[in-house]
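Numbering (our numbering), first residue to last: 165 to 313.
Built from N, CA and C at the ideal position, the CB exists for glycine as well.
Predicted, not measured: the structure shown is a model, and the values here were computed from it.
Here's the structure, in structure tokens; my notes come after.
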């Protein structure tokens, strides 16, 4: 008996929802988020297709597909990679993850928001200070930083 009652309620809800969808006027449809998403998606796809049609055809040759390293030809496996850029990428990734942790933990119900914000801000400040000291030490070690006297 309980199942029939739930099925009847579901049928009534679906009937009301379908009547609501079919009785929407033009202004409600245009102002809906679904319409805005579909319109922006269609615009992006049409711009992509238009760009593909208008762009000149790609004709690969030896010079276009060669790796570039200071104008000299190197085989792809011998192109020098600067490790300092990799370090900055890893540091950016770490700080990006920390900022996402701060953002996603703001709505946790079992933490006091004020205390949580203070803990995260102190952690970020300490992490930033340690990073600044590390970079300063590396610059002094390699002689990049010059003392002003």
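With C-beta atoms as the reference, is residue 288 less than 9 Å away from residue 267? Counting from 1 along the chain shown, the entry for residue 288 is found at position 124. Counting from 1 along the chain shown, the entry for residue 267 is found at position 103. When the beta-carbon positions are compared, residue 288 and residue 267 stay at least 9 Å from each other.
Just the C-alpha distance for residue 264 and residue 285, rounded to the nearest angstrom, thanks. Locating residue 264 in the chain shown gives position 100, where the first residue counts as 1. Locating residue 285 in the chain shown gives position 121, where the first residue counts as 1. Cα-Cα distance, rounded: 13 Å.
Should residue 255 and residue 202 be called a contact, given that it needs their Cβ atoms to be closer than 9 Å? As a position in the chain shown, residue 255 is number 91, starting the count at 1. As a position in the chain shown, residue 202 is number 38, starting the count at 1. No, the pair does not count as a contact, with Cβ atoms beyond the cut-off.
Output the distance between the C-alpha atoms of residue 218 and residue 210, rounded to the nearest integer angstrom. Residue mapping note: residue 218 aligns to position 54 of the chain shown, counting from 1. Residue mapping note: residue 210 aligns to position 46 of the chain shown, counting from 1. If you take the alpha carbons of residue 218 and residue 210, they lie about 12 Å apart.
Under the three-state reduction of DSSP, which class applies to residue 249: helix, strand or coil? Indexing the chain shown from 1 puts residue 249 at position 85. When secondary structure is reduced to three states using DSSP, residue 249 falls in the helix class.
According to DSSP, is residue 165 part of a helix, a strand, or is it coil? In the chain shown, counting from the first residue as 1, residue 165 sits at position 1. Because residue 165 sits at a pLDDT of 44, beneath the cut-off of 50, its placement in the model cannot be relied upon, and the point is left open.
Close Cβ partners of residue 191 (< 8 Å) along its chain, the five nearest in sequence each way excluded: As a first step, residue 191 is located in the chain shown; it is residue number 27 there, counting from the start. Nothing meets the Cβ criterion.
Under a three-way DSSP split, which group does residue 307 fall into? As a position in the chain shown, residue 307 is number 143, starting the count at 1. Here DSSP, grouped into helix, strand and coil, assigns residue 307 to coil.
Can you give me the C-alpha to C-alpha distance between residue 179 and residue 205, rounded to a whole angstrom? Taking the chain shown and counting its residues from 1, the one referred to as residue 179 is at position 15. Taking the chain shown and counting its residues from 1, the one referred to as residue 205 is at position 41. If you take the alpha carbons of residue 179 and residue 205, they lie about 30 Å apart.
Tell me whether the beta-carbon of residue 291 lies closer than 9 Å to the beta-carbon of residue 250. The sequence position of residue 291 within the chain shown is 127, counting from 1. The sequence position of residue 250 within the chain shown is 86, counting from 1. No. Outside cutoff.
Go to residue 219, then tell me how far its alpha helix (DSSP H) extends in each direction, as first and last residue. Taking the first residue of the chain shown as 1, we reach residue 219 at position 55. Looking at the DSSP string, residue 219 is not in any alpha helix (DSSP H), and its letter there is neither H nor E.
Please confirm if residue 253 has its CB atom under 9 Å from at least one CB of chain D. Among the chains of the structure shown, chain D does not appear; only one protein chain is present.
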